[in-house]
Amino acid sequence: MTFDDQEYLQRYPFIERILISSDEIQLRVRQLGNEISRAYEGSTPIFVCILKGAYPFLADLTRCVSVDHEVDFMAVSSYGGGTQSSGVVKIEKDLKANITDRDIILVEDIIDTGLTIANLMEVLQTRNPRSIRVAALLDKRAARIKDVPLHYAGFEIPKEFVIGYGLDYDEKYRNLPFIGIMKA
Ligand code: IMP
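Quick note: the sequence shown, position 74, residue 149 per the working numbering, numbers continuous.
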């Protein structure tokens, strides 16, 4: 845990504990960046950041990638009502890039049920990219409803609600440099 992590804990007493410290995140992100750099040698992939939660991960990850690449952004929302994501995605903000024949790396904060990413991949496949891979900082595998390919996963976490490093509670706490669990 860094001094920063400790300071945030004091400022936000509703955080029960830090699940993954900022040091651990930065180390793992660097490893993923190296892995991606080796895999995409000779290609210029497009990193597609799924807004809003993936923005810190995208920023840190791409700074650890040594191959030329582009970034683009997408925002999606699930619709269908109910408390659980239906997985039917509505595109709120689409890509600028033409992804035909391009290597795409979808960058997500967390894969939970897997419904959002599965549906998003289906939508993007119709645009005929050369390849699509998925990078997610967190993998809440125990919550999975739809089996999805996860090529670059940061950490597997238990089925608990987490905040920080892009993940929000009621649109807040995305700025925390660590992954934390809130008090019940
Ligand atoms: P999925 O379709 O269930 O995989 O939904 C993934 C999305 O749900 C993520 O991109 C997050 O925005 C949100 N999400 C899932 N689990 C959490 C959590 O523990 N904290 C905050 N947001 C979460």
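No residue lacks a Cβ here, since even glycine has one placed at the ideal position from N, Cα and C.
Which residue comes first and which comes last in the alpha helix (DSSP H) that contains residue i?
i: Met76; result: Taken as a continuous stretch (DSSP letters only), Met76 belongs to no alpha helix (DSSP H), as it is neither H nor E.
i: Ala134; result: 130-137
i: Val198; result: 190-200
Leaving out five residues on either side along the sequence, give the residues of the same chain with a beta carbon under 7 Å from the beta carbon of residue i.
i: Thr137; result: Phe122, His144, Val146
i: Ser97; result: Thr77, Asp79, Asp80, Pro252, Phe253
i: Ala259; result: none
i: Leu225; result: Ile186, Val209, Ala211, Asp214
i: Leu94; result: Ile232, Val237, Ile254, Gly255, Ile256
i: Glu235; result: Ile256
i: Ala91; result: The displayed chain sequence assigns Glu, not Ala, to residue 91. Within the same chain, Glu91 has close Cβ partners Ile256, Met257, Lys258.
Closer than 6 Å: is that where the CB of residue i sits relative to any heavy atom of the ligand IMP?
i: Val237; result: yes
i: Leu195; result: no
i: Asp184; result: yes
i: Gly241; result: no
i: Gly189; result: yes
i: Gly128; result: yes
Compute the distance between the beta-carbons of residue i and residue j, then report whether it is under 7 Å.
i: Ile192; j: Ile186; result: yes
i: Asp184; j: Gly128; result: yes
i: Pro131; j: Gly241; result: yes
i: Lys221; j: Leu190; result: yes
i: Val104; j: Asp135; result: yes
i: Thr188; j: Ala218; result: yes
i: Cys139; j: Leu133; result: no
Just to confirm the assignment, what range does the beta strand (DSSP E) spanning residue i have?
i: Ser206; result: 206-214
i: Arg305; result: In the structure as shown, the chain starts at 76 and stops at 259, and residue 305 therefore has no counterpart that could be examined.
i: Gly229; result: 227-231
i: Glu183; result: 178-186
i: Phe122; result: 121-126
i: Glu167; result: 163-168
For residue i, I'd like the list of residues in its chain whose CB is within less than 8 Å of its CB, leaving aside the five on either flank, ordered along the chain.
i: Val198; result: Val164, Ile166
i: Tyr227; result: Leu107, Glu110, Ile111, Ile180, Arg208, Val209, Ala210, Ala211
i: Gly157; result: Because the pLDDT at Gly157 is just 48, under 50, the model does not fix this residue reliably, and the value given afterwards should be weighed accordingly. Hits under 8 Å: none found.
i: Ser206; result: Asp178, Ile179
If I measure Cβ to Cβ from residue i and keep anything under 6 Å in the same chain, skipping five residues before and after, which residues do I get?
i: Ile174; result: Arg202, Pro204
Looking at chain D, is there any beta carbon in it that lies within less than 7 Å of the beta carbon of residue i?
i: Ile93; result: Checking the listed chains, one finds no chain D in this structure; it contains a single protein chain.
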